[in-house]
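For reference, the structure discussed in these notes is given below.
2 protein chains.
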Amino acid sequence: MKLCILGFGAVGRGVAKVISKKRDEMKDKYGLDIKITAVTDSLGAAICNEGLDPELLLEIKEKNGKVSSYPQYGINNISNMEVLDKANYDCLIEVTPTDIEDGEPAKTHILKAITDKKEVVTSNKGPLALSFKELATAAKENGVQLKYEASVGGAMPILNFAHDTLPSCNIESIFGILNGTTNYILSRMAKEGSTYEQILKESQEMGIAETNPAQDVEGTDAACKVVILANSIMGKDVNLKDVDVVGISKITQEAISLAKNEGYLIKLIGEVSDDALQVSPRLVREGSPFAVDGTLNVATLKTDLAEDVTVVGKGAGSIETASAILSDIISIYKTKK
Amino acid sequence: MKLCILGFGAVGRGVAKVISKKRDEMKDKYGLDIKITAVTDSLGAAICNEGLDPELLLEIKEKNGKVSSYPQYGINNISNMEVLDKANYDCLIEVTPTDIEDGEPAKTHILKAITDKKEVVTSNKGPLALSFKELATAAKENGVQLKYEASVGGAMPILNFAHDTLPSCNIESIFGILNGTTNYILSRMAKEGSTYEQILKESQEMGIAETNPAQDVEGTDAACKVVILANSIMGKDVNLKDVDVVGISKITQEAISLAKNEGYLIKLIGEVSDDALQVSPRLVREGSPFAVDGTLNVATLKTDLAEDVTVVGKGAGSIETASAILSDIISIYKTKK
Numbered sequence: 149m150k151l152c153i154l155g156f157g158a159v160g161r162g163v164a165k166v167i168s169k170k171r172d173e174m175k176d177k178y179g180l181d182i183k184i185t186a187v188t189d190s191l192g193a194a195i196c197n198e199g200l201d202p203e204l205l206l207e208i209k210e211k212n213g214k215v216s217s218y219p220q221y222g223i224n225n226i227s228n229m230e231v232l233d234k235a236n237y238d239c240l241i242e243v244t245p246t247d248i249e250d251g252e253p254a255k256t257h258i259l260k261a262i263t264d265k266k267e268v269v270t271s272n273k274g275p276l277a278l279s280f281k282e283l284a285t286a287a288k289e290n291g292v293q294l295k296y297e298a299s300v301g302g303a304m305p306i307l308n309f310a311h312d313t314l315p316s317c318n319i320e321s322i323f324g325i326l327n328g329t330t331n332y333i334l335s336r337m338a339k340e341g342s343t344y345e346q347i348l349k350e351s352q353e354m355g356i357a358e359t360n361p362a363q364d365v366e367g368t369d370a371a372c373k374v375v376i377l378a379n380s381i382m383g384k385d386v387n388l389k390d391v392d393v394v395g396i397s398k399i400t401q402e403a404i405s406l407a408k409n410e411g412y413l414i415k416l417i418g419e420v421s422d423d424a425l426q427v428s429p430r431l432v433r434e435g436s437p438f439a440v441d442g443t444l445n446v447a448t449l450k451t452d453l454a455e456d457v458t459v460v461g462k463g464a465g466s467i468e469t470a471s472a473i474l475s476d477i478i479s480i481y482k483t484k485k
Numbered sequence: 149m150k151l152c153i154l155g156f157g158a159v160g161r162g163v164a165k166v167i168s169k170k171r172d173e174m175k176d177k178y179g180l181d182i183k184i185t186a187v188t189d190s191l192g193a194a195i196c197n198e199g200l201d202p203e204l205l206l207e208i209k210e211k212n213g214k215v216s217s218y219p220q221y222g223i224n225n226i227s228n229m230e231v232l233d234k235a236n237y238d239c240l241i242e243v244t245p246t247d248i249e250d251g252e253p254a255k256t257h258i259l260k261a262i263t264d265k266k267e268v269v270t271s272n273k274g275p276l277a278l279s280f281k282e283l284a285t286a287a288k289e290n291g292v293q294l295k296y297e298a299s300v301g302g303a304m305p306i307l308n309f310a311h312d313t314l315p316s317c318n319i320e321s322i323f324g325i326l327n328g329t330t331n332y333i334l335s336r337m338a339k340e341g342s343t344y345e346q347i348l349k350e351s352q353e354m355g356i357a358e359t360n361p362a363q364d365v366e367g368t369d370a371a372c373k374v375v376i377l378a379n380s381i382m383g384k385d386v387n388l389k390d391v392d393v394v395g396i397s398k399i400t401q402e403a404i405s406l407a408k409n410e411g412y413l414i415k416l417i418g419e420v421s422d423d424a425l426q427v428s429p430r431l432v433r434e435g436s437p438f439a440v441d442g443t444l445n446v447a448t449l450k451t452d453l454a455e456d457v458t459v460v461g462k463g464a465g466s467i468e469t470a471s472a473i474l475s476d477i478i479s480i481y482k483t484k485k
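Residue numbers (our numbering), protein chains in the order written: chain A, 149 to 485; chain B, 149 to 485.
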């Protein structure tokens, strides 16, 4: 399977690392031979139909800051769309930066690949949260697969889990802690008794929260994931503007202490149900599967037969997210074999 | 798919209830037409190649205490082995009582069905914990499937989860809370400050612990599940006698309080790793996925790429366990289609 990787930030580099580490194992275990035939970043591309060396790609990116320095096969000033035309590939790995205003340019990349009858794997929440139906329909019409496990919960395998492990059950609703940064902040507020502002500042210094933390703390990131879960698992047709969103920036230490005295914690919870499509701070009971701390993500499926079934995993991390992308690639390969 | 259900206790009746509830849905969703052609209990059987009515089976069992009162098709004093010869079925549902001394008579039932080229789904831990390799080899040699999701963690889908959702990862070890009764007792000891003896007595009165609680509190039940996980997921060849087992009956309130003061809880943890095959009380951190209370079961897979991935679910319950059995039936049907 030949991959074209658009974007060579943390996730794109994670994919290269994971492929380098696992290539022989994938061949032995599944008969899957993975080649990276094209990679782009904001400055250019490297394209080679025989396959680029993932270790050399990582080394060159680290040293020169651009993949177009790749010997012999580097190309400066080429657009992603030109690369999609020029490269010989079976599956697009769309891992350019997420935009939640219009989902671009990722949406255009994905639609182009689909129209060209290529499979697509992405971690990019923007196009999925804004144009899920359009993308899913295009994939179906063109007879290709569009997979996006990494877009929700990083290495927490919620989509495959919901689709594959409980065939006897109907999923009636989904509740989740879908953003690691806010879970980290709320957990530390509960443990240390410090204010939101203090913990946010420290989280930014530690690189856990971003310099502009709005998308995390105002709940937008979690809302994108709510949309993806609603469309993918619950068969709804919704997008970002349909979600009621309240973030955590107004949570006081007093509210957390009051909850704690009664055996509860405050968590930022995403809900997908027939009654609600929302992200908001809510009380969860200590000792429940939602009482996890740190940057962990959690999702509970409420089912008709098995009651609540919950999955917990790391919500972020370059290698962890890349592992979800590789799982999607393997899954596409298995169904095509 | 024609089912022969051996055993009509809580789990067997759960299977009948779930099939009654979901039969039309399974037909619409998967094209799977399920018929129960034989059911047994300790007093006899009901056999009908055209299919028995699950609701009538449940009604008769409730009213008369035996399935052999089923009109026209009831048979008194027939052994399970005779039923396996007489019935027309595709898949054995083995849900007779668990025996952990020699795994009988379930083991003989399962081997007979396998030799007769029938698929097998079971929740019966005994034969799996004592003779896993023998049963798995027999199934392989006869070209049939042997599935047992319900034998570990009831409605917590740990086996399907480990096999299906993380194809990019190697599973390096498994840690789990695999017994609901002990988790309930330890959780209440931590919350209420009462002694082990007090809480055990109350749990017995509430029907959560059995009159003879030894298999749960001494760790044997959890050890059976450790063996199944080790063989099924980690490819080991071990059985019950290979597990180091320490139960919870010697856990004092003082130990729990000491742990609590440092932010820890004491849980009965099963471990499968290259270093250990064991069940023992261990400290888990508050705020970790293991800090769940009540009768919940938890299992964490330590992976090479995705770090820790955890699944939580109800460890027992008639309908919940039956839902895992139905999921196995659907999975067998899908691979044969």
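C-beta atoms are modelled at their ideal positions from N, C-alpha and C, and glycine is treated no differently.
*Are B/Phe323 and B/Glu434 touching if we call contact CB-CB under 8 Å?*
Remark: C-beta atoms of B/Phe323 and B/Glu434 do not approach each other more closely than 8 Å.
*Using a Cβ cut-off of 8 Å, which residues of the region 157-168 of chain A contact any Cβ in chain B, in chain order?*
Residues passing the 8 Å Cβ filter: Val166.
*Check distances from the C-beta atoms of the region 306-324 of chain B to those of chain A and list, in chain order, the residues that come in under 7 Å.*
Here the close residues are Asn308, Phe309, Asp312, Thr313, Leu314, Pro315, Ser316 and Cys317.
*Relative to chain B, which residues along the region 430-462 of chain A have a C-beta separation below 9 Å, given in chain order?*
Arg433, Glu434, Gly435, Ser436, Pro437, Ala439, Val440, Asp441, Gly442, Leu444, Val446, Thr448, Thr451, Asp452, Leu453, Ala454, Glu455, Asp456, Val457, Thr458, Val459, Val460, Gly461 and Lys462: these are the residues of the region 430-462 of chain A whose beta carbon lies less than 9 Å from some beta carbon of chain B, given in chain order.
*Going by Cα to Cα distance, which pick from B/Ile262, B/Ile306 and B/Pro275 is closest to B/Asp233?*
Taking only the C-alpha atoms, the option nearest B/Asp233 is B/Ile262.
_A/Pro245, DSSP secondary structure in three states_ = DSSP places A/Pro245 in the coil class of the three-state scheme, outside both helix and strand.
*asked:* Using beta carbons (cut-off 8 Å, strictly below), is B/Ile478 in contact with chain A?
replied: Contacts with chain A at 8 Å (Cβ-Cβ) include B/Ile478.
*Thinking C-alpha only, which one of A/Tyr237, A/Gly155 and A/Tyr178 is nearest A/Thr244?*
With distances taken between Cα atoms, A/Thr244 lies closest to A/Gly155.
*State yes or no: is the beta carbon of B/Leu474 nearer than 8 Å to at least one beta carbon in chain A?*
Taking a beta-carbon distance threshold of 8 Å, B/Leu474 counts as an interface residue toward chain A.
_Within 8 Å of any Cβ in chain D, is that where the Cβ of B/Glu340 sits?_
Checking the listed chains, one finds no chain D in this structure; the protein chains it contains are A and B.
*Along chain B, in chain order, which residues have C-beta atoms closer than 8 Å to that of A/Met304?*
Going along chain B in sequence order, the residues near A/Met304 (Cβ under 8 Å) are Val457.
*asked:* Out of B/Ser421, B/Glu366 and B/Met337, which one is the CA nearest neighbour of B/Leu377?
replied: Closest option to B/Leu377, judged by alpha-carbon separation, among B/Ser421, B/Glu366 and B/Met337: B/Ser421.
*Ordered along the chain, which non-local residues of its own chain (more than five positions away) have a Cβ less than 7 Å from that of B/Asn225?*
Same-chain partners within the cutoff: Gly192.
*Find out if the Cβ-Cβ distance for the pair B/Ala357, B/Thr329 is shorter than 8 Å.*
Cβ atoms of B/Ala357 and B/Thr329: closer than 8 Å.
*asked:* If the cut-off is 9 Å on Cβ atoms, which residues from the region 167-184 of chain B count as contacting chain A, listed in chain order?
replied: Hits within the stretch, in order: Lys169, Lys170, Glu173, Met174, Lys177 and Tyr178.
*In whole angstroms, what is the alpha-carbon distance linking B/Ala254 and A/Met174?*
The straight-line gap from Cα to Cα measures roughly 38 Å.
_Endpoints, beta strand (DSSP E) assigned at B/Thr451_ = Its beta strand (DSSP E) spans residues Leu444 to Thr451.
_For A/Asp271, the three-state DSSP class (helix, strand or coil)_ = The question names Asp, but residue 271 of chain A in the sequence shown is Ser. Secondary structure at A/Ser271: coil, using DSSP grouped into helix, strand and coil.
*Any residues in the region 326-338 of chain B with a beta carbon nearer than 8 Å to a beta carbon of chain A? Which ones, in chain order?*
So the close ones are Ser335.
*Segment contact, 8 Å Cβ cut-off, at least three pairs: the region 159-175 of chain B with the region 468-485 of chain A*: Contact annotation: the region 159-175 of chain B does not touch the region 468-485 of chain A, with fewer than three C-beta pairs closer than 8 Å.
*Measure the alpha-carbon distance for A/Val292 versus A/Gly465 and round it to whole angstroms.*
The straight-line gap from Cα to Cα measures roughly 28 Å.
_Using a Cβ-Cβ cutoff of less than 7 Å, which residues in the same chain neighbour B/Ala277 once the five nearest sequence positions on both sides are dropped?_
In chain order, Ile248, Cys372, Val375, Ile376, Asn387 and Leu388 place their CB closer than 7 Å to the CB of B/Ala277, counting only its own chain and leaving out the 5 sequence neighbours on each side.
*Taking the CB atoms as reference points, tell me whether B/Ile414 and B/Ala298 lie closer together than 8 Å.*
Inclusion of B/Ile414 and B/Ala298 in the CB contact set at 8 Å is not warranted, their separation being larger than that value.
_Where the region 387-408 of chain B meets chain A: residues whose CB sits under 9 Å from a CB there_ = Taking 9 Å as the Cβ-Cβ cut-off, the region 387-408 of chain B has no residue approaching chain A.
*Three or more beta-carbon pairs under 8 Å between the region 303-321 of chain A and the region 452-464 of chain B, yes or no?*
Contact between the region 303-321 of chain A and the region 452-464 of chain B is present, with at least three C-beta pairs closer than 8 Å.
*Can you list the residues of chain A that B/Ser471 reaches, using a CB-CB cut of under 7 Å?*
Using a Cβ-Cβ cut-off of 7 Å, B/Ser471 is close to Ser316, Cys317, Leu453 and Ala454 of chain A, given in chain order.
*Provide the residue(s) that pair with B/Ser428 in DSSP beta bridges, ordered along the chain.*
Bridge partners of B/Ser428 according to DSSP: B/Ile417.
*Kindly indicate if chain A contains any beta-carbon less than 8 Å away from that of B/Glu252.*
Taking a beta-carbon distance threshold of 8 Å, B/Glu252 does not count as an interface residue toward chain A.
*Cutoff 8 Å: B/Ile467 Cβ touching any chain A Cβ*: Any Cβ of chain A closer than 8 Å to the Cβ of B/Ile467 would place that residue at the interface, and such an atom is present.
*What does A/Phe309 pair with, by DSSP beta-bridge criteria?*
Looking at the DSSP output, A/Phe309 bridges to nothing.
*Across which residues does DSSP place A/Ile283 in a beta bridge pair?*
Reading the sequence as shown, one finds Leu at residue 283 of chain A and not Ile. According to DSSP, which records beta bridges pairwise, A/Leu283 is partnered with nothing at all.
*For B/Thr343, which residues of its own chain have a beta-carbon under 6 Å away from its beta-carbon, when the five flanking residues on both sides are left out?*
Only Gln401 meet the Cβ criterion.
*Using the C-alpha atoms, what's the distance from A/Gly157 back to A/Ala470?*
Between A/Ala470 and A/Gly157, the C-alpha separation is close to 12 Å.
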